[in-house]
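Asker: Please read through the structure below; I'll follow up with questions.
4 protein chains.
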Amino acid sequence: MVTKRDMILEAGIKVFSQKGYHHAKMEDIAVAAGIGKGTIYEYFSSKLQLFQEIMEAGLRQYQESVSTEKISQMGIAERIQKITAGHFYFCQNYKELSRILFWDTDIIDDELKDWFYNKRKEKEGVLEDLIRESIRSGELREVDAKLVTLMIGGILGQIWMPIVLEGWEAEAESTAWQITDLIMNGIVPST
Amino acid sequence: MVTKRDMILEAGIKVFSQKGYHHAKMEDIAVAAGIGKGTIYEYFSSKLQLFQEIMEAGLRQYQESVSTEKISQMGIAERIQKITAGHFYFCQNYKELSRILFWDTDIIDDELKDWFYNKRKEKEGVLEDLIRESIRSGELREVDAKLVTLMIGGILGQIWMPIVLEGWEAEAESTAWQITDLIMNGIVPST
Amino acid sequence: MVTKRDMILEAGIKVFSQKGYHHAKMEDIAVAAGIGKGTIYEYFSSKLQLFQEIMEAGLRQYQESVSTEKISQMGIAERIQKITAGHFYFCQNYKELSRILFWDTDIIDDELKDWFYNKRKEKEGVLEDLIRESIRSGELREVDAKLVTLMIGGILGQIWMPIVLEGWEAEAESTAWQITDLIMNGIVPST
Amino acid sequence: MVTKRDMILEAGIKVFSQKGYHHAKMEDIAVAAGIGKGTIYEYFSSKLQLFQEIMEAGLRQYQESVSTEKISQMGIAERIQKITAGHFYFCQNYKELSRILFWDTDIIDDELKDWFYNKRKEKEGVLEDLIRESIRSGELREVDAKLVTLMIGGILGQIWMPIVLEGWEAEAESTAWQITDLIMNGIVPST
DNA sequence: GATGAATGAGCATTCATTCAT
DNA sequence: CATGAATGAATGCTCATTCAT
Chain A
129 MVTKRDMILE AGIKVFSQKG YHHAKMEDIA VAAGIGKGTI YEYFSSKLQL FQEIMEAGLR
189 QYQESVSTEK ISQMGIAERI QKITAGHFYF CQNYKELSRI LFWDTDIIDD ELKDWFYNKR
249 KEKEGVLEDL IRESIRSGEL REVDAKLVTL MIGGILGQIW MPIVLEGWEA EAESTAWQIT
309 DLIMNGIVPS T
Chain B
129 MVTKRDMILE AGIKVFSQKG YHHAKMEDIA VAAGIGKGTI YEYFSSKLQL FQEIMEAGLR
189 QYQESVSTEK ISQMGIAERI QKITAGHFYF CQNYKELSRI LFWDTDIIDD ELKDWFYNKR
249 KEKEGVLEDL IRESIRSGEL REVDAKLVTL MIGGILGQIW MPIVLEGWEA EAESTAWQIT
309 DLIMNGIVPS T
Chain C
129 MVTKRDMILE AGIKVFSQKG YHHAKMEDIA VAAGIGKGTI YEYFSSKLQL FQEIMEAGLR
189 QYQESVSTEK ISQMGIAERI QKITAGHFYF CQNYKELSRI LFWDTDIIDD ELKDWFYNKR
249 KEKEGVLEDL IRESIRSGEL REVDAKLVTL MIGGILGQIW MPIVLEGWEA EAESTAWQIT
309 DLIMNGIVPS T
Chain D
129 MVTKRDMILE AGIKVFSQKG YHHAKMEDIA VAAGIGKGTI YEYFSSKLQL FQEIMEAGLR
189 QYQESVSTEK ISQMGIAERI QKITAGHFYF CQNYKELSRI LFWDTDIIDD ELKDWFYNKR
249 KEKEGVLEDL IRESIRSGEL REVDAKLVTL MIGGILGQIW MPIVLEGWEA EAESTAWQIT
309 DLIMNGIVPS T
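If you want it as structure tokens, here you go:
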């Protein structure tokens, strides 16, 4: 069942992603949700708190999309492909939400900023450990794990743009494989 | 000579990068520039225009840092390394400015957003052409030029973070080479 | 039998006296009465009307406490003592109510203000007549009846404070006699 | 010179005394002062702070009006007369201000309330000491100093009403003497 | 040119009141 | 009768911008 709370969250995602946090008026969100302005405050204590909830819920959903934990017997290439494909799916299916999560990282509130930054670091930490592990096992060559993590993170972050802003309708699975290939094998011709 | 206009731009960079566009007050900028609030309006017509000028000037300066046009006889690896190193230099030397350019891309104004997005596409177009050219010449294997461009762009964008937020003091030249190596040769062990 | 209406009045007295008219929320009163917010409106048409009813009922109750009409054969000193003692009783037994009546006379509504002011004038009129009568009969010396009325009214009004705010537990009857003595005989030593 | 700050205080006194704290809008005050809404905030940080300043300044001015400290060789009767006359003057000349100080003691802010209450207690303390002293010296008979203090305070508080609300234009000096006479000698005929 | 006092549009939030259940 | 979710009018406060000096 779609609760009124969900309707507000949905409306918040739409309005925040279109106008950004500061230009989004509570009234806009209320109108988008088809309710009165005051009703929002029955479910959320403030504009900031509504935004935070959207961020948290969005991040939770995103985590699920890119999680590879269930399949622990996976090689590093498969993992990178899974993460990439999951990211693709998420961006394509939750364009507005992904806009909020990956693009409009404005300074809204210091605490929120820190929270979000730490979430990101945490996520990167997992990936970095994975890479370090793969180097140790010989699956990967002796590369700088931190740099590789940044590289992968950057690619994912960048890919959001053409998908959401230009409506790039790439096929997630195969494109994810292409990207994985690039990361794994580089771009020079194999000798 | 440092004109009063430059002082304001400088102050704007500092304040905007610390507080973000919306939390930066014109008065803060005036104080940071050591002048009166009204004086800013002698040189810039509005807060938005001041911000735009900062963006434009910043982007111009950035272009110079990462430009490889002068040395046109360069191989693709050298070019990627030069761009990366230039990016590094820029981020390390203009931390505040780079924060504005690469991080706080809030929805401030639709026109500004479009303008900035187009600048980025333009820059990417140059890189994409370069890659296409290199594929044609056999320097690179048959990869998706667009994906590779996104990849490189993403890496550069991501690298900003640890430098500015965590004070990562990497040696630009050699780190740029490491990154170039990753892009060129991937991360799997060479067979 | 305690009707629901009475419960609301009771709750209103408590909440209004604790928070004042403007800071008292209808919901606070509903909670204090152990009922739903909407139910108040079944018995009172508005917040203001609820307040008015409390004032009216309070004033009626107060009138009874200080009334000396039944015993019309009473001397002026006895009357003053009775009024004072009645006032004492009322303040001690209905602290919250007396706070509303004698202290928080905020400008809530012009009509209410006028109504309350007239009630007061009316009450003072009775006292003033009484004093005038006593002067005529020689019970009192040739004093300004209006001033004496103000004096007595002021003393009663002031006495509320230490009782309610500081929990002054004076014995009503004897204290009322002391006050009467002060009013009657003044404070200079008898020659 | 009448500064803009003073104009705002003046306007605040007028509007607060007419409408009460809660019904007074910042815009009303601005209009009354003939200035823009935002200008008030150049001089006062909030509505509450503006009100506090009015209270403080008013009380300071009141203290001066009723002070008898300079003339320490005064008998108790003269003192009471001076205080009463000062109170009269103040109420007649600063009707609006006195309305705020002596009448609309709404629950606006707990801290403010406490502050005001303490000021009052303090003032009463001085008077009470004075009375106790006069009892010791034999100027007054053995009365309850606290009760007498309440009595005098109550009379003064009450006198405000007819002056401000009904425009009672009594001659301050002589009326103060009448009141003093009542307090000193009571209302019964001298034997 | 330079200034900063003055301005008022704009917005988050509160809460008395309504009404469908 | 009783309820409480929904509402929107009302208002304190911010800050980009103006303009008299």
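Residue numbers (this note's numbering), protein chains in the order written: chain A, 129 to 319; chain B, 129 to 319; chain C, 129 to 319; chain D, 129 to 319.
Cβ atoms here follow ideal geometry from the backbone N, Cα and C, with glycine treated the same way.
When DSSP labels each residue in this structure, what does V143/B get in the three-state scheme?
Answerer: V143/B falls in the helix class under three-state DSSP.
Asker: For chain C, is any of its Cβ atoms less than 9 Å away from the one on T233/D?
Answerer: For T233/D, the answer is yes, since a Cβ of chain C falls inside 9 Å of its Cβ.
Asker: Rounded to whole angstroms, how far is the Cβ of A300/D from the Cβ of F216/D, which I believe are closer than 8 Å?
Answerer: With 8 Å as the limit, A300/D and F216/D qualify as a contact, their Cβ atoms being about 4 Å apart.
Asker: Tell me the start and end of each unbroken alpha helix (DSSP H) in the stretch 248-289 of chain C that is at least 4 residues and wholly inside, in chain order.
Answerer: As far as the stretch 248-289 of chain C is concerned, it has no whole alpha helix (DSSP H) run of at least 4 residues.
Asker: Specify the secondary structure class of M154/B as computed by DSSP and reduced to three states.
Answerer: If DSSP states are grouped into helix, strand and coil, M154/B belongs with the helices.
Asker: Exposed or buried, which one is K165/D when buried takes at least 16 other CB atoms within 10 Å?
Answerer: Flag for K165/D reads exposed.
Asker: Any C-beta of chain A within less than 7 Å: which residues of the stretch 277-289 of chain B qualify?
Answerer: So the list reads L278, M279, G281, G282, I283, G285, Q286, I287, given in the order they occur along the chain.
Asker: Put E170/C into one of helix, strand or coil per three-state DSSP.
Answerer: Here E170/C sits in helix by DSSP.
Asker: In its own chain, which residues sit with a C-beta less than 7 Å from the C-beta of I182/A, not counting the 5 before and 5 after it?
Answerer: Result list for I182/A: L137, G140, I141, F144, I228, in chain order.
Asker: Assuming C219/D and W305/D form a contact by the criterion Cβ under 8 Å, report the distance between their Cβ atoms to the nearest whole angstrom.
Answerer: Their Cβ separation, rounded to whole angstroms, is 17 Å, which puts C219/D and W305/D out of contact at 8 Å.
Asker: Have a look at G314/A, L225/A, R264/A, V292/A and flag the residue whose alpha-carbon is nearest the alpha-carbon of K179/A.
Answerer: Note that residue 179/A corresponds to Phe in the displayed sequence, not to Lys. When only C-alpha atoms are compared, the closest one is L225/A.
Asker: Residues of chain D with a CB under 7 Å from the CB of D272/C: which are they?
Answerer: Ordered by position in chain D, the residues that pass the 7 Å Cβ test against D272/C are Q306.
Asker: First and last residue of the alpha helix (DSSP H) that includes S226/D?
Answerer: S226/D -> alpha helix (DSSP H) spans 223-230.
Asker: With a threshold of 9 Å between beta carbons, is K223/B in contact with chain A?
Answerer: No, its Cβ sits nowhere closer than 9 Å to a Cβ of chain A.
Asker: Once the 5 residues before and after T303/D are set aside, which same chain residues still bring their CB inside 7 Å of it?
Answerer: Only F216 meet the Cβ criterion.
Asker: Taking only beta-carbon atoms, is I141/D less than 9 Å away from chain C?
Answerer: It does not: the Cβ of I141/D has no partner Cβ on chain C nearer than 9 Å.
Asker: Could you spell out the range, first to last residue, of the alpha helix (DSSP H) harbouring T196/C?
Answerer: Unbroken run through T196/C: none, as it is neither H nor E.
Asker: Mind checking whether Y163/B and M202/B have CB atoms under 9 Å apart?
Answerer: Before going further, note that residue 163/B is Ile rather than Tyr in the sequence given. Not a contact, by the Cβ cut-off of 9 Å.
Asker: Given a cut-off of 9 Å on the beta-carbon distance, is the pair K247/C and L293/C in contact?
Answerer: No; because the gap between Cβ atoms is not below 9 Å, this pair is not in contact.
Asker: Can you determine whether any heavy atom of the ligand NAD sits closer than 8 Å to the C-beta of E224/A, and answer yes or no?
Answerer: Looking for the ligand NAD in the displayed structure turns up nothing, as the structure carries no ligands at all.
Asker: Tell me which same chain residues have a C-beta within less than 8 Å of the C-beta of I236/C, skipping the five on either side of it?
Answerer: Correct list, in chain order: Y149, H150, L176, F179.
Asker: Residues in its own chain within less than 7 Å of I211/B by CB, not counting five upstream and five downstream?
Answerer: Taken in chain order, the residues that qualify are V194, T196.
Asker: Would DSSP call V292/A helix, strand or coil?
Answerer: Three-state result, V292/A: helix.
Asker: For M279/C, count neighbouring Cβ atoms within 10 angstroms of its own Cβ and tell me buried if that reaches 16, exposed if not.
Answerer: Result: buried.
Asker: Shortest alpha-carbon distance to S173/B belongs to which of A185/B, M154/B, A160/B?
Answerer: Closest by alpha carbon: M154/B.
Asker: I want to verify the contact list: residues of chain D whose CB lies under 7 Å from the CB of H151/C, in sequence order.
Answerer: Here the neighbours are I235.
Asker: So is N246/D in contact with chain C if we call contact Cβ pairs under 9 Å?
Answerer: Not closer than 9 Å to any Cβ of chain C, the Cβ of N246/D fails to qualify, so no.
Asker: List the residues of chain A whose Cβ lies closer than 8 Å to the Cβ of V254/B, in chain order.
Answerer: Within chain A, no residue comes near V254/B; the closest Cβ sits about 16 Å away, beyond 8 Å.
Asker: Take A185/D and list the residues in its own chain whose beta-carbon comes closer than 8 Å to its own, dropping the five residues that flank it on each side.
Answerer: Closer than 8 Å at the Cβ level, and outside the excluded window around A185/D, lie L137.
Asker: What's the gap between the Cα of E252/C and the Cα of E192/D?
Answerer: Their Cα atoms are separated by approximately 31 Å.
Asker: Counting along the chain, where does the alpha helix (DSSP H) carrying Q306/A start and finish?
Answerer: Note, Q306/A: alpha helix (DSSP H), 300-313.
Asker: Nearest-angstrom Cα distance between L275/B and G295/B?
Answerer: Each residue's Cα considered, the two are about 30 Å apart.
Asker: Against R269/D, what residues of chain C qualify as contacts under a CB-to-CB distance less than 9 Å, listed in chain order?
Answerer: Neighbours of R269/D on chain C, chain order: N313, G314, I315, V316, P317, S318.
Asker: Spatial neighbours of I208/A within its chain, please: CB distance less than 7 Å, with the 5 preceding and 5 following residues excluded, ordered by chain position.
Answerer: Result list for I208/A: I280, T308, I311, in chain order.
Asker: Comparing alpha-carbon positions, which option in Q189/C, N313/C, I259/C, T233/C lies nearest G214/C?
Answerer: The residue with the shortest Cα to Cα distance from G214/C is Q189/C.
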